[in-house]
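Numbering (the UniProt record's numbering), first residue to last: 1 to 122.
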């Protein structure tokens, strides 16, 4: 009876080892299949752009940034308190171009930015 149970235990262990080996082979095969599928899909994709396909500067030279002074664009008031403003009566932007385009400059007698350690004269 003891030898039969030992043989059954050994055969169960052998089946477990064989099952793990077959499972490992299946997983390895699935990974190889996935890599080959990825390679095939990648070959069908268009190639990356060549340097000649990249955007170039305009012939007039680089585009420069423009600076302008902006001021708040006030929301118009309704004429009557019960009247509502419709979307076409409100401008799209919250700011507009200022009529005075001169940039504010630093005055020599004033202090610098907050906490700069300047003289504090205003």
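Where a beta carbon is used, it is the ideal one built from N, C-alpha and C, also for glycine.
With distances taken between CB atoms, is the gap from residue i to residue j smaller than 8 Å?
i: residue 76; j: residue 89; result: yes
i: residue 105; j: residue 68; result: no
i: residue 92; j: residue 85; result: no
i: residue 57; j: residue 95; result: no
Ignore the nearest five residues each way along the sequence and tell me which others in residue i's own chain have a CB closer than 7 Å to its CB.
i: residue 127; result: Beyond the ends of the chain as shown, which are 1 and 122, falls residue 127; an answer cannot be given.
i: residue 54; result: none
Looking only at its own chain, which residues have a Cβ that is under 6 Å from the Cβ of residue i, when we skip the five neighbours before and after it?
i: residue 80; result: none
(message) Give the list of continuous beta strand (DSSP E) stretches no shorter than 3 residues that lie fully inside the stretch 57 to 82.
(response) 70 to 72, all fully within the stretch 57 to 82.
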